[in-house]
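The listed protein sequences derive, respectively, from chains P and F. Letter by letter, the first sequence follows residues 1 to 423 in full-length UniProt numbering. Letter by letter, the second sequence follows residues 1 to 617 in full-length UniProt numbering. For each residue, glycine too, the CB sits at the ideal point set by N, CA and C.
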Amino acid sequence: MYRRLLINIYQVRNGLIHTQNTRLPSTKCKERESFAPVIWAPCTARPLGTSSISFSENKESSTSLSEDKEKRPEENEAKEEVNADGQKSTEISNATLTSQLETEPVDKPEDSKQVEKTKSGKESLLELLGAMKVEVTTVRKIRPSKTPRMSERPDQEPMESTHSMFQHATAEGSQQQGTLNPALVAAVSAAASTLPNRHQAESELLKQLRKHEAVPDTQRRADGQNIGHIIADMKVGGRKTNGRSSARPTSQIRFDDDGKGYTQDRGITGELDAVRRRKSPFTSKRLNIFTAGMEQDTLSVLGPTLWDIDLANQIVQATNQAPRNGFEEMIQWTKEGKLWQYPINNEAGLEEEASVPFHEHVFLEKHLDESFPRQGPVRHFMELVITGLAKNHHLTVQQKKEHIDWFRDYFRQKDDVLKEAEA
Amino acid sequence: MFTVIRSKEAVLQALASTVNRDPTASDYRFQDDPYLTPKTSSEFKLFSLSQESGRNAAKYFISTYPKYFQKDYAQPHIPCLMPETLEAQIEEVSEAALIERIQMRKVKAAVDLYDQLQQAGTPVSLDVTNQLLDLICFYGDCDPAQENVPEQRNEETEDVQDEPQTKKGRASKASDKLKAAWKENNNAERIFALLSEPNTHSYSALIRGMVKYGAYSKAFSTYTDLLNNQLKADVSTFNALITAAPEVKEKYNEKWELIVDLLKQMAEQKVKPNLLTLNAVLKALRRCGTVGKSQAFPVISEMRALSIDPSLASYNHLLSIFYKPGAPFQGQTDILQEVMNEVSGKSFTPQDPDDAQFFITAVRICLDTKDIEQAYRVHELLGVGENWRLLGNDFQQNIYHARFFSLLCMMENIDVVLKWYRDLVPSVYYPSSNVMRDLLQALDTDNRLDLIPQIWKDLKQLGHGNRQTLVEELLTLMAREKQNQEVQETFAECALDIKKMYDTGDRGKVMMSWTAGSLSDLVSVLLAAQRRQDAWEILKLFKTHNRVPSEELLDKFLTCIKESGDVNQALELVQISAGFCLPGTPKLIQRVQQEFLLSEQQKSMLSDLEIQTFNSD
Numbered sequence: 001m002y003r004r005l006l007i008n009i010y011q012v013r014n015g016l017i018h019t020q021n022t023r024l025p026s027t028k029c030k031e032r033e034s035f036a037p038v039i040w041a042p043c044t045a046r047p048l049g050t051s052s053i054s055f056s057e058n059k060e061s062s063t064s065l066s067e068d069k070e071k072r073p074e075e076n077e078a079k080e081e082v083n084a085d086g087q088k089s090t091e092i093s094n095a096t097l098t099s100q101l102e103t104e105p106v107d108k109p110e111d112s113k114q115v116e117k118t119k120s121g122k123e124s125l126l127e128l129l130g131a132m133k134v135e136v137t138t139v140r141k142i143r144p145s146k147t148p149r150m151s152e153r154p155d156q157e158p159m160e161s162t163h164s165m166f167q168h169a170t171a172e173g174s175q176q177q178g179t180l181n182p183a184l185v186a187a188v189s190a191a192a193s194t195l196p197n198r199h200q201a202e203s204e205l206l207k208q209l210r211k212h213e214a215v216p217d218t219q220r221r222a223d224g225q226n227i228g229h230i231i232a233d234m235k236v237g238g239r240k241t242n243g244r245s246s247a248r249p250t251s252q253i254r255f256d257d258d259g260k261g262y263t264q265d266r267g268i269t270g271e272l273d274a275v276r277r278r279k280s281p282f283t284s285k286r287l288n289i290f291t292a293g294m295e296q297d298t299l300s301v302l303g304p305t306l307w308d309i310d311l312a313n314q315i316v317q318a319t320n321q322a323p324r325n326g327f328e329e330m331i332q333w334t335k336e337g338k339l340w341q342y343p344i345n346n347e348a349g350l351e352e353e354a355s356v357p358f359h360e361h362v363f364l365e366k367h368l369d370e371s372f373p374r375q376g377p378v379r380h381f382m383e384l385v386i387t388g389l390a391k392n393h394h395l396t397v398q399q400k401k402e403h404i405d406w407f408r409d410y411f412r413q414k415d416d417v418l419k420e421a422e423a
Numbered sequence: 001m002f003t004v005i006r007s008k009e010a011v012l013q014a015l016a017s018t019v020n021r022d023p024t025a026s027d028y029r030f031q032d033d034p035y036l037t038p039k040t041s042s043e044f045k046l047f048s049l050s051q052e053s054g055r056n057a058a059k060y061f062i063s064t065y066p067k068y069f070q071k072d073y074a075q076p077h078i079p080c081l082m083p084e085t086l087e088a089q090i091e092e093v094s095e096a097a098l099i100e101r102i103q104m105r106k107v108k109a110a111v112d113l114y115d116q117l118q119q120a121g122t123p124v125s126l127d128v129t130n131q132l133l134d135l136i137c138f139y140g141d142c143d144p145a146q147e148n149v150p151e152q153r154n155e156e157t158e159d160v161q162d163e164p165q166t167k168k169g170r171a172s173k174a175s176d177k178l179k180a181a182w183k184e185n186n187n188a189e190r191i192f193a194l195l196s197e198p199n200t201h202s203y204s205a206l207i208r209g210m211v212k213y214g215a216y217s218k219a220f221s222t223y224t225d226l227l228n229n230q231l232k233a234d235v236s237t238f239n240a241l242i243t244a245a246p247e248v249k250e251k252y253n254e255k256w257e258l259i260v261d262l263l264k265q266m267a268e269q270k271v272k273p274n275l276l277t278l279n280a281v282l283k284a285l286r287r288c289g290t291v292g293k294s295q296a297f298p299v300i301s302e303m304r305a306l307s308i309d310p311s312l313a314s315y316n317h318l319l320s321i322f323y324k325p326g327a328p329f330q331g332q333t334d335i336l337q338e339v340m341n342e343v344s345g346k347s348f349t350p351q352d353p354d355d356a357q358f359f360i361t362a363v364r365i366c367l368d369t370k371d372i373e374q375a376y377r378v379h380e381l382l383g384v385g386e387n388w389r390l391l392g393n394d395f396q397q398n399i400y401h402a403r404f405f406s407l408l409c410m411m412e413n414i415d416v417v418l419k420w421y422r423d424l425v426p427s428v429y430y431p432s433s434n435v436m437r438d439l440l441q442a443l444d445t446d447n448r449l450d451l452i453p454q455i456w457k458d459l460k461q462l463g464h465g466n467r468q469t470l471v472e473e474l475l476t477l478m479a480r481e482k483q484n485q486e487v488q489e490t491f492a493e494c495a496l497d498i499k500k501m502y503d504t505g506d507r508g509k510v511m512m513s514w515t516a517g518s519l520s521d522l523v524s525v526l527l528a529a530q531r532r533q534d535a536w537e538i539l540k541l542f543k544t545h546n547r548v549p550s551e552e553l554l555d556k557f558l559t560c561i562k563e564s565g566d567v568n569q570a571l572e573l574v575q576i577s578a579g580f581c582l583p584g585t586p587k588l589i590q591r592v593q594q595e596f597l598l599s600e601q602q603k604s605m606l607s608d609l610e611i612q613t614f615n616s617d
């Protein structure tokens, strides 16, 4: 079921990208718009949720609203188109919220087509932008459909959409990044349009987004190329790492749509921003109970106790110790001592000789003590023997000594014969 | 001079790292004997257990009759191949004998010997007494159940001179963990009371024993006692107390305050926490409700500051704190993602028995949240380094793979699902019938029903050929839509194969019984493949199994007969329909009359039937 939905969405998306790239709003927008209702349903909670938050803000700042309106009549006019579209969408989403089905808003494409007919020039561009909101929602949908509970965090909405959008932007390749971002703007206006004073809300939301866009930049300056750091530090920035490149086109296109007016009301958005720019929980503050360089009192350590042995045993029991191939089985046998060790250097099998220095092996003259004659053929013979022994690597020092001892005994037994021969 | 110190397994490890898993091969354990290659999960269980029990039986005989196994073939000597000495060698009453009994883990014997030494007035050193306390507390003042003892030892041991208490130990082994409780004034407490100057180790042993055997409040009072004696506790004592903390307090806040208090005391006494402390705190936080969610990350940060890196068990506890099974998810989608960001690409070594729970928990959350991306990351993590060891035993592996594969079936394109299916089944995973049903649904979703005959073969192999619901679903799927001729042909073969399954029953396993639905599905499949004769045979089964065919089916059948123009069969069909007293019979008769060229005799027969049915109405 989920996948079916997703497949639909991908189809829509692909169609969309196509239109955006070729930039032929008049013809292909229709096609895309006809897709639009299919994806409205699951994203309903989003715009509504956002609006509820910004709604409260707007109450506070409602005084400045009228000024805003006066300042930018043309923009408002322009935006109204988008908003009208957005308004419609939210209506539809309201309708579908109850049904949760794709079949509901069948009448939508006709509506939008009718609207479209009346437009031209800049309006068609705006139409395109408004339509991209479809794109936004499709992308957004991918997550919420799997994880419906995400809608319970209304204050993160615009961000959420950017995240998923950027994730998918990378997947689709960079060519589409430029066009994705106006979709973001459109999404914001859609969200804002649910409010009475929507321009105010919209500009606030957009400013919000811009702040986030600025965040990775500063982050980059601070951390250089260390993306991992960014990820660790802040979840928002981290996920937007590839959004950085696409951040700039966003603003460009956004300014086409709505030139000025983003720079007001920093205070409120700043507050919101702080809430939103949640750090990775793993870098949260610590309890501050222990001090880092704490010296441990040295307790008498008696080697592993029964408890330690049991812990090790439990760990072994809990984990998979079965060998996966013959080599691993041999490793196991080696550890158990059942298998001759594979040589890892040329001293394999020399365990008992490991502590014997080499000169004990080579300089064996000291063993030819008084029991051998100082000179003569026996001495000569024994010198040959120790030379041979010195070069023999098969015998241990003990064996070499035994060898010499054997000759000592032998010559002692043959003492008579030797004396007779005057050797 | 630079020498690289390598472990003695270095060469083998290097060689082992060159071997990749072969998805077409069974587990290494079963490669010795191709005959014993398991094909179903039950066979897998049976074969692996029998291998293990064979080993245990051999060990049992060696340790029971050590005198027959004294010949040392190995050169050089291999200690682990020789029988272990299970009988105490030192008979006299001495401290050495006590140490020997402690090492052999004979609790009762050691306690008796200690008492004898006390009566004789021989002093026993504090260290040895502490070891004795460890032993008693560890086993809760009972002799340990002997390991590697075959199940049927009761019959066998009648003539064996073996110690009787092992028999008792064996019998109580299953209930050991449930029933064993800390008894008031047991030997541990008695011996502890005899100590003139118990040290930290003595207290540690006692407190750990008390916690292990459920005397939680007693453990805390012993700890107070320790503080009163101007002693310091050690890490393991604190770990045990932290484990016990949620047991002695009711409210979440109180539990957490107690844990914080313990941690503060650790800091005061300059005891450095270890990984197990971290895991104990996190495990305790699992039972602290909302407090757990707010405090879990500060705890981890605290331990990080002490350069204690979390193990997989820590992450497992963390996930369990935030994702309670069955509870709705309250916007913690990111926690899993954050955890995965932390652990991705790292190789973990087992450090905590709970480490093996991580993968199951993570994949459960992925399944609950339908988050395929994270599931892939979890699976990827499994492939890093030695992490596969941390997947746990066969049972846990099975759970993990079942969850992973269900998620795939739910979320992925059928081609991807099948790729994983070929990779995992059956070399590491034997899917249950439920998971196979998920796979069928995935096939259905993506319109790849043509693969059903293949899946049926696998199903048979996996031993699910006699799962009635599954087989019926298979038939329904095959019968539902008309496919192209080739596919229909394979469907028909498959359907006949399924019919065989119904007929024979599989070696005394549960026989499946025909239902009207499955029979008519079967008939439809065969008709669609133009196998009228086979279908006719099946149609007769309706009667033998007392099932009633639907009117549409007979209608369909008639259409099929018409194509071949077999008048006799059409008449027989009508008769069958009449036999079932179906209300649609007159309609069938009408159709036959209109659509077939009938002889006079046949016509009269039909009109007879018509009158009959009319009368019966």
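Query: Closest Cβ-Cβ distance between Arg-287/F and chain P: below 8 Å?; Result: no
Query: Sort Val-107/F, Pro-298/F, Gly-289/F by Cα distance to Ser-284/P and report the nearest one.; Result: Pro-298/F
Query: Do Ile-386/P and Glu-370/P count as a contact pair if the criterion is CB distance below 8 Å?; Result: no
Query: Sorted by chain position, which residues of the same chain lie with C-beta nearer than 7 Å to Thr-445/F's C-beta, five sequence neighbours on each side aside?; Result: none
Query: Answer with yes or no whether the minimum CB distance from Asp-252/F to chain P is below 8 Å.; Result: Note that residue 252/F is Tyr in the sequence shown here, rather than Asp. By this cut-off, Tyr-252/F is not an interface position.
Query: Is Ser-607/F buried or exposed, if buried means 16 or more other CB atoms sit within 10 Å of its CB?; Result: exposed
Query: For the pair the stretch 512-519 of chain F and the stretch 465-472 of chain F, tell me if three or more CB-CB distances fall below 8 Å.; Result: yes
Query: Examine chain F for any beta-carbon lying closer than 8 Å to the beta-carbon of Pro-304/P, and answer yes or no.; Result: no
Query: Anything in the stretch 333-346 of chain P with a Cβ closer than 8 Å to a Cβ of chain A? List those residues in chain order, please.; Result: Chain labels in this structure do not include chain A; the protein chains are P and F.
Query: Mind listing, in chain order, the continuous alpha helix (DSSP H) runs of no fewer than 4 residues lying wholly within the stretch 326-362 of chain P?; Result: 326-336, 358-362
Query: Restricting to Cα atoms, I'd like to know which of Phe-491/F, Glu-87/F, Asn-239/F, Gly-517/F is closest to Leu-527/F.; Result: Phe-491/F
Query: Comparing the CB of Gln-468/F with every heavy atom of the ligand MG, is any distance shorter than 7 Å?; Result: The ligand MG is not part of the structure shown, which contains no ligands of any sort.
Query: With 8 Å as the threshold, decide whether the Cβ of Val-384/F is near any Cβ in chain P.; Result: no
Query: By DSSP, does Arg-29/F sit in helix, in strand, or in coil?; Result: helix
Query: By the 10 Å Cβ neighbour count, where 16 or more other Cβ atoms means buried, how is His-394/P classified, buried or exposed?; Result: exposed
Query: Quick one, are the C-beta atoms of Phe-358/F and Tyr-315/F less than 8 Å apart?; Result: yes
Query: Return the residue from the list Ile-360/F, Gln-337/F, Leu-390/F that minimises the CA-CA distance to Gln-351/F.; Result: Leu-390/F
Query: What in chain F is Cβ-close to Ser-280/P, meaning under 8 Å?; Result: Glu-338, Asn-341
Query: Please determine, among Ser-564/F, Lys-603/F, Phe-138/F, the residue with the shortest C-alpha to C-alpha distance to Ala-181/F.; Result: Phe-138/F
Query: Assign Glu-91/F to one of three DSSP states: helix, strand, or coil.; Result: coil
Query: Pro-298/F versus chain P: which residues are under 7 Å apart at the beta carbon?; Result: Ser-284, Lys-285, Arg-286, Leu-287
Query: Around the C-beta of Phe-404/F, are 16 or more other C-beta atoms found within 10 angstroms, so that it is buried, or is it exposed?; Result: buried
Query: So, is Leu-609/F buried or exposed, given that buried needs 16 or more other C-beta atoms within 10 angstroms?; Result: buried
Query: Would you please state the rounded distance, in angstroms, between the beta carbons of Asn-320/P and Trp-388/F? I believe it to be under 8 Å.; Result: 7 Å
Query: Which residue marks the beginning of the alpha helix (DSSP H) containing Ile-289/P, and which one marks its end?; Result: Careful: Ile-289/P lies outside any alpha helix (DSSP H) and carries neither H nor E.
Query: For Ala-134/F, which three-state DSSP category applies?; Result: The amino acid occupying residue 134/F in the given sequence is Asp; Ala does not appear at that position. Helix, per DSSP.
Query: Using 8 Å as the limit for Cβ to Cβ distance, is Ala-354/P near chain F?; Result: no
Query: Tell me which residues share the same chain as Glu-353/P and place their Cβ nearer than 8 Å to its Cβ, disregarding the 5 neighbours each side in the sequence.; Result: Thr-396, Val-397
Query: Measuring straight from C-alpha to C-alpha, what distance separates Arg-286/P and Thr-224/F?; Result: 28 Å
Query: Using the C-alpha atoms, what's the distance from Leu-194/F back to Phe-290/P?; Result: 36 Å
Query: What residues from chain F crowd round residue 460/P, counting only those whose CB sits closer than 9 Å?; Result: Within the shown structure, residues of chain P are numbered from 1 to 423, placing residue 460/P beyond reach of any answer.
Query: Quick one, which residues of the stretch 60-89 of chain F are near chain P if we go by CB-CB under 8 Å, in chain order?; Result: Ile-78, Pro-79, Cys-80, Leu-81
Query: Can you pull the chain F neighbours of Gln-314/P, defined as C-beta to C-beta under 7 Å?; Result: Pro-353
Query: State the Cα-Cα distance for the pair Lys-108/F and Asp-141/F, rounded to the nearest angstrom.; Result: 8 Å
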